[in-house]
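Peer 1:
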Amino acid sequence: MKKALVSLLAAFLFLSTISSQTGPSLSLDPSKAEWFKEAKFGLFIHWGLYSILEGSYNGHTLPDPSLKNGNSWYAEWAHTRLEIPPQEYQKLAQQFNPHQFDADQWISEAKNAGVRYFVITSKHHDGFALWDSDVSDYDIMSTPFKRDILQELADACKKNGIRYGFYYSHWQDWEHPHGAWPNWVPPVRSDEDFEKYWQEKSLPQVKELLTKYDPDLLWFDTWDEEHHINAKRRDELIALIRSHSDKCLINGRISFTDPGNNIDFLEMHDNSYPDEILEKPWQTPATMTDSWGWHAQDYNWKTAKQMITYLVNNASKGGNYLLNIGPKPDGTFPPTAVQRLREIGAWIYTNGEAIYNTKPIKVSVDKDIYLTQSIDESKMFVTLTANQQKVILPFAASDIKSCTVLSTDMSIEYLKISDNETELIVPEILYKDSNIPVVVIYK
Ligand code: FHN
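Below you can see the structure in the form of structure tokens.
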């Protein structure tokens, strides 16, 4: 009897080692995401056929409440929200000819702004591929432009030491007969039909992106539970990526409501900012205006101060800020977007040490004060965004060696308030030089 048990146990152990060795592991070594955690600031690009429409079509401009689903600024949704018939929308491919597109110009603007990684919509919900796809002719080669935009951008990123990745709409696809459409466009796609799109277009195009461009990350998009990306399809896609890349990071929107444990960073909702520190790497995708894609009548530009504050807020909670630009149909960045990038870059030029390669400090402070610290914890950075002159910090004055302004080395006085509270005396002159000064505390 005993002999039989021993051989059963041996067989079980043998099988469990084999089963654990078969098939690629779905998880990536967490060290591969270190660059992402250190990077803090990325540039997102929404660019495609919808950019030609600039938010308007046939006398309607988004948001247009007179249309059943027109009440949204999102210009990249023009196809469905402005009720454009597919055969009309797809004709836009014949007009896509961004003659002023210059990948080096885009990436050098990004680099000067302090951007450390770059993500572009390789295929948004409309199903149009910005690369020469062997899977679908609805791609850049069916336009007058016929250049491999993704390759030119990947080359520019490599030249500038910037990581790059691609947004891919793996669920919504308004071109393939069985891709998902918004729930207000009948008929609701059956799961069997969706599987045809999944096997015929979604998985093969993701494989193309991996084998053609070797990206550092892939950015998938779902935003609620009403999608076909169940755990089986989620893991099938993850397995495909792991089998073609030992570095490509995957975001949590691969299945927003059930990302599982094998994704590499969490994705917040659009323009949303958690108010607590998150352990897993994460980022907020954010717009400079109200739309992601170029919208000629969207004038609601956030100020540089607002966007720097979002960047600092996220860094203080262990996250990144993925800031979006919607380039124009001619391939240029809107001038105000360039101005904002340069304003943010100017602040980062003197204060970047408070952002890059930092980690949160797990204490609570007053609103409009953001704390980060160097990885070795020798320096704490106190970013002030509301012209504060008295700043109370929950640290003992005896732990502080010195206090200076990060950008100028000006000494900052501090007072012991109690055993575990210190007050920084912030002179008004500080706010003359910068409306978001950073005080560095040496411990
Ligand atoms: O529907 C998309 C939208 O167009 C845009 O791409 C954003 C970016 O985070 N993602 C979806 C909405 O959350």
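Heads up: the sequence shown begins at 11 in the working numbering, then just goes up one per residue. Idealized CB from N, CA, C, for every residue including glycine. In this text, all values refer to a predicted model and were calculated from it rather than measured experimentally.
#1: In whole angstroms, what is the alpha-carbon distance linking Tyr452 and Asp74?
#2: Per DSSP, which residues does Ser421 bridge with? Please list them.
#3: Which runs of the beta strand (DSSP E) spanning at least 3 residues fall entirely within the stretch 250 to 295, listed in chain order?
#4: Check the C-beta distance from Arg243 over to Gly270 and give it rounded, since I have them as a contact under 8 Å.
#5: Helix, strand or coil for Glu431 per DSSP?
#6: Let's see if you can read the secondary structure: which residues bound the alpha helix (DSSP H) around Thr346?
#7: Out of curiosity, what's the CA-to-CA distance linking Val392 and Ile318?
#8: Between which two residues does the beta strand (DSSP E) carrying Pro404 extend?
#9: Helix, strand or coil for Thr299, going by three-state DSSP, please let me know.
#10: Is the CB-CB distance between Glu286 and Gly262 below 8 Å?
#11: Please state if the CB of Ala120 and the CB of Phe128 are separated by a distance shorter than 8 Å.
#12: Using only the alpha-carbon positions, how far apart do Leu403 and Val375 sit?
#13: Kindly identify the DSSP beta-bridge partner or partners of Met390.
#14: When you compare only the Cα positions, how much space is there between Ala407 and Leu425?
#15: What's the call for Ile435, buried or exposed, on a 16-neighbour Cβ count within 10 Å?
#16: Which full runs of the beta strand (DSSP E) of 3+ residues lie inside the stretch 112 to 156, going along the chain?
#17: Just checking Pro295 against ligand 1 - is the residue's beta carbon closer than 7 Å to any of the ligand's heavy atoms?
#18: Spatial neighbours of Asp308 within its chain, please: C-beta separation below 8 Å, excluding the five flanking residues on both sides.
#19: Taking one C-beta from the stretch 138 to 153 and one from the stretch 210 to 217 each time, how about it: are there three or more such pairs within less than 8 Å?
#20: Can you look up Ile318 in the DSSP assignment and give me helix, strand or coil?
#21: Going along the chain, which residues of its own chain have a beta-carbon closer than 7 Å to the beta-carbon of Ser282, five neighbours each way excluded?
#22: Within a Cβ cutoff of 6 Å, which residues of the same chain sit near Asn272, ignoring the five residues on either side of it in sequence?
#23: Between the Cα of Leu394 and those of Pro437, Ser428, Asn122 and Glu48, spot the shortest distance and give me the residue it belongs to.
Peer 2: On the basis of the coordinates in this document:
#1: 54 Å
#2: Thr414
#3: none
#4: Contact flag wrong, Cβ pair sits at about 11 Å.
#5: strand
#6: Pro345 to Asn361
#7: 14 Å
#8: No beta strand (DSSP E) contains Pro404, which DSSP labels as neither H nor E.
#9: coil
#10: no
#11: yes
#12: 7 Å
#13: Gln383 and Ile451
#14: 7 Å
#15: exposed
#16: 127 to 133
#17: yes
#18: Gly65, Trp83, Ala85, Thr299, Asp300 and Ser301
#19: yes
#20: helix
#21: Thr294
#22: Leu36, Ser37 and Ile248
#23: Pro437
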